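Student: Numbering (our numbering), first residue to last: 1 to 396. Encoded as structure tokens, here's the structure I'll be asking about.
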Ligand SMILES: NC(=O)c1ccc[n+]([C@@H]2O[C@H](COP(=O)([O-])OP(=O)(O)OC[C@H]3O[C@@H](n4cnc5c(N)ncnc54)[C@H](O)[C@@H]3O)[C@@H](O)[C@H]2O)c1
Ligand SMILES: [Zn+2]
């Protein structure tokens, strides 16, 4: 008997707003995204990264005033603080907490969860929001450069589990994204530079003009120029969104993962370091390593690789880290465990995004440990020279 076939398509349109002062009394951005059926009061539950609350002491009051000033929109509860950073996604705590709160408050599928914070808080709160009633509308307000340039834009939500990054998660597109540049000012230098790693990652495999622009902007980014960062975030966001909308595989059912360039080792290094390395810092190392691997296999010239390495090191990333020397129980390099985890994640077939000339990528399905050793040695050599020349020019 012939099988019955059920075929359907679901379309999404996700607005990404760029603004400042999203909770200023006169700001209408949030009004534009909180849509409702006429006559119905929109209820909004808000979760905020606790570092954001600490560095923006007026935020809670501004949010309360913004809502009090308006008809038809209601805060379902006072603003809820969430532990910021990777701890937010360390376990199920946030899922249980949000699930319970939604049940107690009668949050329904026409309500919204607004999440304000770094990529980790967005991943964790987004994961919980995607489970409650099988999906509450989520509005993301990323407050880090990495969140605004990458993490906040995607269709993925997750928590870490069983020694793996993002092991438990869902594909749930957000209702809307609001990138508010004002929040970036309070970031410490490490988190401020993290978004640049994801911008370099996507430029290296998709857009040589943007990569060249990043090289020009490197000195400005190194001295924390806000305008340069705004330009980088917008260009990076455009490329990430373009991939999600235009690749034909937004929910990653195939094996190809261009946006994961450099991530097989980055995720491993993050976990191995007990999250001492921030995601963006680990991505900078992962991108640098795979860039050198691309030289070993003839995909890039060393001069091309130096464009990528020069931007990453030039904005202040440390491209060598003691974690790279760590050995596993069998004497192999511990970081290589990341390859196996990546292979499993893809369903058994190793498919690594790798540059093929600057601004282009072709997947790689084989990986040789000897070539990795050569790539690591190449990176460490280049890094030593970079540090020596930086020290010499600082003395002049
Ligand atoms: N879902 C995706 O598609 C996707 C993509 C890339 C990365 N990610 C995830 O994003 C996470 C990294 O995100 P991140 O780089 O934003 O780091 P993060 O969320 O860990 O935040 C870094 C630190 O900055 C603090 N912070 C956040 N906003 C602040 C502000 N405005 N002022 C002062 N401090 C602030 C946080 O509390 C935290 O301590 C990782 O878990 C990574 O796996 C997800
Ligand atoms: Zn990343």
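The beta-carbon is built from N, C-alpha and C at its ideal position, and this holds for glycine as well. Source: prediction; values computed, not measured.
Find out if the Cβ-Cβ distance for the pair residue 265, residue 150 is shorter than 9 Å.
Tutor: no
Student: Report all residues from its chain with a CB closer than 7 Å to the CB of residue 143; omit the five preceding and five following residues, and keep chain order.
Tutor: 49, 52, 116, 117, 118 and 183
Student: Shortest alpha-carbon distance to residue 84 belongs to which of 57, 67, 121 and 93?
Tutor: 121 is the residue among 57, 67, 121 and 93 whose C-alpha sits nearest the C-alpha of residue 84.
Student: With 16 as the cutoff for other CB atoms within 10 Å, does residue 82 come out buried or exposed?
Tutor: buried
Student: Return the Cβ separation of residue 63 and residue 79 in integer angstroms, given the expectation that the two are a contact with Cβ distance under 8 Å.
Tutor: 6 Å
Student: Hey, is residue 283 close to ligand 2, as in C-beta under 8 Å from one of its heavy atoms?
Tutor: yes
Student: Are there three or more Cβ pairs, one per stretch, closer than 8 Å when the stretch 126-146 is compared with the stretch 208-222?
Tutor: Inter-segment contact for the stretch 126-146 and the stretch 208-222 is absent: fewer than three beta-carbon pairs are separated by less than 8 Å.
Student: Mind listing, in chain order, the continuous beta strand (DSSP E) runs of no fewer than 3 residues lying wholly within the stretch 10-80?
Tutor: 16-19, 42-49 and 73-75
Student: Opposite residue 362 in the DSSP bridges: which residues?
Tutor: 354
Student: Give me the Cα-Cα distance between residue 390 and residue 363, rounded to the nearest whole angstrom.
Tutor: 35 Å
Student: Residue 195 and residue 238 look like a contact to me (Cβ under 8 Å); what is the Cβ gap, rounded to whole Å?
Tutor: 14 Å between Cβ atoms; not a contact.
Student: Using only the alpha-carbon positions, how far apart do residue 165 and residue 396 sit?
Tutor: 44 Å
Student: Report the three-state DSSP secondary structure of residue 100 (helix, strand or coil).
Tutor: helix
Student: Please name the residue or residues paired with residue 115 in a DSSP beta bridge.
Tutor: 47 and 140
Student: Given the structure, does residue 482 come close to ligand 1, in the sense that its CB is under 8 Å from one of the ligand's heavy atoms?
Tutor: The chain is shown only over 1 to 396; residue 482 falls outside these bounds and no answer can be derived.
Student: With DSSP collapsed to three states, give me the class of residue 168.
Tutor: strand
Student: Exposed or buried, what is residue 34 when buried is set at 16 or more other beta-carbons lying within 10 Å of its beta-carbon?
Tutor: buried
Student: Answer with buried or exposed for residue 47, where buried requires no fewer than 16 other C-beta atoms within 10 angstroms of its C-beta.
Tutor: buried
Student: Would you check if the distance between the CB atom of residue 130 and the CB atom of residue 45 is smaller than 9 Å?
Tutor: no
Student: Which residues in the same chain as residue 169 place their Cβ atom closer than 8 Å to its Cβ, once the five residues preceding and following it in sequence are excluded?
Tutor: 123, 127, 156, 157, 158 and 159
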